[in-house]
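Below: the structure, in structure tokens.
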Amino acid sequence: MLELFYQGGALFMGLLTLIFIAMISVTVVQVLRITRGQVSGLENISRQLTYTRSIGLFAFIVGLLGQLIGLFSAFKAIELKLVDVSPALLAGGFKVSMIPTMYGLIIYVIALALWLGLSAWLQKD
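Going by the working numbering, the sequence shown opens with residue 128, and the numbers climb by one from there.
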């Protein structure tokens, strides 16, 4: 797992990890505020929970940005003939460029699951 982290690029993977930690922290704080009764009104509570979903979407967008920057750099090197490119090398580079996108998508799916679960929990109460 750590190997995928380094293959995906320490900058974007580290940034995505920080976003993931922030998303979990915001969700925990919101749940604590709701259970302690510090937030009133279903509409206000629902708005507070959308922060989780929004942070997850931001992670997905950052992952896509990481992939696009990686692909742009690779294609620029190919265009300038800085590297000799075989199909296997191109496929391997494309595979590695998808790692931040997949990580961002996983974070987004977790955020959606948390948001849906907490929304259902609030509707039940």
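Think of the CB as a built atom: it goes at the ideal place given N, C-alpha and C, for glycine as much as any other residue.
Specify, as a first and last residue, the run of the alpha helix (DSSP H) that residue i falls within.
i: G219; result: P214 to S224
i: Q165; result: Where Q165 is concerned, there is no enclosing alpha helix (DSSP H), given that its DSSP letter is neither H nor E.
When we look at the beta-carbon of residue i and count the other beta-carbons within 10 Å, is it buried (16 or more) or exposed?
i: I148; result: exposed
i: Y235; result: buried
i: R160; result: exposed
i: Y230; result: buried
i: V317; result: With the chain covering 128 to 252 only, the question about residue 317 has no answer from this structure.
i: L143; result: buried
i: L245; result: buried
i: P214; result: exposed
i: M150; result: buried
Helix or strand or just coil, what does DSSP make of residue i?
i: S113; result: Residue 113 lies beyond the range of the chain shown here (128 to 252); nothing can be said about it.
i: L209; result: coil
i: M128; result: coil
i: G135; result: coil
Under 7 Å Cβ to Cβ from residue i, same chain only, skipping five residues before and after it: list those, please.
i: L198; result: S224
i: T154; result: T179 and L241
i: L184; result: Y235
i: P332; result: Since the first residue shown for the chain is 128 and the last is 252, residue 332 is missing from the structure and cannot be characterised.
Sorted by chain position, which residues of the same chain lie with C-beta nearer than 8 Å to residue i's C-beta, five sequence neighbours on each side aside?
i: L232; result: F187 and G190
i: Q175; result: Q157, R160, I161 and V166
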